[in-house]
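Here the structure comes first, spelled out in structure tokens, and everything after it is commentary.
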Amino acid sequence: MTTFREHLKEQLKDPTFCQAWEEGELNYQVARALIKLRLDLNLTQQELARRAGVPQSVIARLESGKHLPSLRSLEKIAKNLGLQVKLDLVPDAAKTGDVPAF
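The UniProt record's numbering puts the first residue of the sequence shown at 1, with every later residue one more than the last.
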């Protein structure tokens, strides 16, 4: 039986799949970071939205992974929470053959 990571590594060899994966990866990372932050702070979406100075619907859209905020919007949310945005440029996992961590 193959694991998900093994299956994903194989699928990433397909250029069409790889492109689709890469297009959604940043959305997923932002969503995951926002959900983790909210859970670490033990807040509801409504409470996080109030603190961040945005409507709850914005938090819901970002957590769904279907919407990618501008850096300016992300910076506003972070600043209102007493945080800052940190951006890392790292080697492309799809091009190095590595499977992204989950």
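Even glycine gets a Cβ: it sits at the ideal position worked out from N, Cα and C.
Report the residue from the options whose alpha carbon sits nearest the alpha carbon of residue i.
i           : options                           : result
Leu-68      : Arg-5, Asn-27 and Glu-6           : Asn-27
Gln-56      : Leu-87, Ile-77, Ser-70 and Lys-13 : Ile-77
Gln-84      : Ala-52, Ser-64, Val-58 and Ile-59 : Ala-52
residue 135 : Thr-3, Glu-63 and Ala-33          : Because the chain in this structure spans residues 1 to 102, residue 135 falls outside the shown range and cannot be described.
Leu-71      : Pro-15, Val-30, Trp-21 and Asp-14 : Val-30
Glu-75      : Met-1, Val-54 and Thr-3           : Val-54
Leu-34      : Met-1, Arg-61 and Thr-2           : Arg-61
In whole angstroms, what separates the C-alpha of residue i from that of residue j?
i      : j      : result
Asn-80 : Arg-38 : 14 Å
Thr-44 : Lys-66 : 19 Å
Pro-40 : Ser-73 : It is worth fixing the name first, because residue 40 is Asp in this sequence and not Pro. Spanning the two alpha carbons is a distance of roughly 21 Å.
Thr-16 : Val-58 : 30 Å
Ala-20 : Asp-92 : 14 Å
Arg-50 : Glu-6  : 41 Å
Lys-13 : Leu-87 : 27 Å
Gly-24 : Leu-48 : 24 Å
Leu-89 : Thr-2  : 31 Å
Starting from residue i and walking both ways along the alpha helix (DSSP H), at which residues does that stretch end?
i      : result
Val-30 : 15-40
Val-85 : Counting along the chain, Val-85 falls outside any alpha helix (DSSP H), and DSSP gives it neither H nor E.
His-67 : Neither: His-67 is in no alpha helix (DSSP H) and is coded neither H nor E.
Leu-12 : Unbroken run through Leu-12: none, as it is neither H nor E.
Leu-48 : 45-52
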